[in-house]
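See below for the structure under consideration.
Residue numbers (this note's numbering): 125 to 295.
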């Protein structure tokens with residue numbers, strides 16, 4: 125994937141193949157969109173080459189996110205009474221994430237959990253505990269923050285609807 129993005133001749137061939145396939149399958153022209161994509165990518169890569177340190181913060185945030193997710197999986201094992209080595213936790217998590225991303229299912233929903241459970245079971249964790257940990261991870265890491273944010277969103281909507289419009293005149 126990196127070669128396709130960073131090596132211009134390879135990227136040009138890949139984009140031509142995508143455009144050709146799109147035309148053959150869907151009978152629509154994608155050339156304008158692909159040219160726009162190419163131009164945006166070239167501008168972005170030029171900016172990164174000009175200021176490589178601009179990627180430090182995003183990379184650190186990505187690493188912090190990955191680390192926090194592994195910690196959540198570890199806590200899920202601990203909560204269910206599992207004594208699992210850190211290597212097993214990281215291996216199952218990493219393979220699950222890769223499978224979820226490769227599946228092209230939004231959020232890897234179901235694929236990531238199933239893969240994590242299967243890998244944990246192959247690495248010696250009971251199937252029941254592996255499935256529960258995978259589902260508990262999804263619940264804790266994704267659904268709990270979603271529920272909390274929905275409460276805040278509901279509050280914002282409620283407060284926003286009770287305030288008078290900014291353009292209303294006060295007599």
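Even for Gly, the Cβ is constructed at its ideal location relative to N, Cα and C.
Can you tell me which of the three DSSP states residue i falls into?
| i | result |
| --- | --- |
| residue 157 | helix |
| residue 175 | coil |
| residue 248 | coil |
| residue 131 | coil |
| residue 167 | helix |
| residue 152 | coil |
Taking C-alpha atoms, which residue in the options lies nearest to residue i?
| i | options | result |
| --- | --- | --- |
| residue 266 | 129, 180, 173 and 196 | 196 |
| residue 296 | 164, 170 and 260 | Coverage of the chain is limited to positions 125 through 295, which leaves residue 296 absent and any answer about it impossible. |
| residue 210 | 236, 181, 244 and 187 | 244 |
| residue 131 | 183, 159, 280 and 169 | 169 |
| residue 208 | 166, 254 and 192 | 254 |
| residue 258 | 194, 164, 126 and 189 | 194 |
Report back the beta-carbon spacing between residue i and residue j to the nearest angstrom; my notes put them in contact at under 8 Å.
| i | j | result |
| --- | --- | --- |
| residue 263 | residue 204 | Between residue 204 and residue 263 the Cβ distance is about 13 Å, and since that is not below 8 Å, they are no contact. |
| residue 162 | residue 139 | 6 Å |
| residue 134 | residue 128 | 6 Å |
| residue 147 | residue 153 | 6 Å |
* Where are the alpha helix (DSSP H) runs, 4 residues long or more, that stay fully inside the stretch 182-244, in chain order? -> 210-226
* To do: Please confirm if the stretch 237-256 is in contact with the stretch 217-224, defined as three or more CB-CB distances below 8 Å between the two stretches.
  => yes
* Asked: Counting pairs of Cβ atoms below 8 Å between the stretch 209-217 and the stretch 244-251, do you hit three or more?
  -> yes
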